[in-house]
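Asks: So in my numbering, spot 166 of the sequence shown is number 166, and the numbers just go up one at a time. The beta carbon of each residue, even a glycine, is placed where N, CA and C say it ideally should be. Computed from a predicted structure; not experimentally measured. First the structure, then my questions, so here it is.
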Amino acid sequence: MRLDEGRGQMRVGICCLLAVLSGTAGCSEEKSVESTEPLHVAQAAFLSSGTSQSEKEMYERRGPILETDEPLLVETREAPTPFVMKIDWEEANSYDRIDSSLLSSEAASQLAELPLPVLLPGTEGFLKHAVAVTDENWYTVTSNYDYHGVVVQSSRIGFAYDGPNGREVEERLVENDFQVSRASLIASVTFPAFGLVYTIEVICEAPDVDPRCTEDDYVLSLANAMRIAGGAP
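Below, the structure written as structure tokens:
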């Protein structure tokens, strides 16, 4: 064997030994990084050094994400169209009214002439601490007292949706049907009246133990105590 041939074989042997120690799949005497695609180099480095054996097996076993010849259909619909909801003022006028003197003068004046019936719980604690935020189409009244808060709101703006076949989809609650729900430990009740939808939310300082939030009785009692506090056609 010539000296140069022995050196060449030695270089090949050292290359393969380094490849085994570093985890590289194979080696070649003349291979260089410059002749390899950068993306493939990055993938090989990730799989060989930064990925566990189980992750490697997962990559090797996984097949195509979607194995079907059927087209993928995603249902979409147009943005909702707002409209002013029709109010049954005759029914609203038949409801009991709250003495405006039980509200602050500022809240009473804000709610008096709104173009929708303003329903509020007629309880002394709520009315004494009530603060109103209003617009020409909606109102929100909050009252914080006795380690909890109550939020009452409604709007005369509705939204019409066009379904996939161009059919208008309307979601309506049954009249006088109280729907109780909870989200993030906030108890709420939603119900329709006069053609509108009203919502009451109860927020407690200790929502996980306060029965006003953990049980339905309190929020339902507020709904049953709702009276007209303002609004005019």
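1) If you draw a straight line from the alpha carbon of ILE98 to that of ALA206, how long is it in whole angstroms?
2) Just to confirm my understanding: we take GLN153, look at its own chain, exclude 5 residues before and 5 after, and list those with CB closer than 6 Å. What are they?
3) From HIS129 to TRP89, what distance separates their C-alpha atoms?
4) Rounded to whole angstroms, what's the CA-CA distance from ALA25 to SER184? Just pull it up for me.
5) From which residue to which residue does the alpha helix (DSSP H) around SER184 run?
6) Evaluate contact between the stretch 223 to 231 and the stretch 112 to 125, counting only Cβ atoms and requiring at least three cross-stretch pairs below 8 Å.
7) Checking contacts by CB at 9 Å: is GLU205 closer than that to chain C?
8) Taking the straight line between their C-alpha atoms, what separation do you get for ILE87 and PHE194?
9) Keeping to the same chain, check which residues put their C-beta closer than 8 Å to that of TYR218; ignore five residues upstream and five downstream.
Replies: Concretely, from the data shown:
1) Indexing the sequence shown from 1 puts residue 98 at position 98. Indexing the sequence shown from 1 puts residue 206 at position 206. Taking the straight line from one Cα to the other gives about 30 Å.
2) Position 153 of the sequence shown, counted from the start, is the residue given in the question as residue 153. The answer, listed in chain order, is THR140 and THR199.
3) Locating residue 129 in the sequence shown gives position 129, counting from the first residue. Locating residue 89 in the sequence shown gives position 89, counting from the first residue. Roughly 28 Å between the two C-alpha positions.
4) In the sequence shown, the residue the question calls residue 25 occupies position 25. In the sequence shown, the residue the question calls residue 184 occupies position 184. Since pLDDT at ALA25 reaches only 48, below the 50 mark, its modelled position is unreliable, and no value is offered.
5) Against the sequence shown, residue 184 aligns to sequence position 184. First-last for SER184: undefined, no H or E at that position.
6) yes
7) You won't find chain C in this structure, because it holds only one protein chain.
8) In the sequence shown, the residue the question calls residue 87 occupies position 87. In the sequence shown, the residue the question calls residue 194 occupies position 194. Distance between the alpha carbons of ILE87 and PHE194: 6 Å.
9) For the purposes of this step, residue 218 is taken as residue 218 along the sequence shown, with counting starting at 1. Once the five neighbours on either side are set aside, the close Cβ partners of TYR218 are ALA187, VAL202, PRO211 and ARG212.
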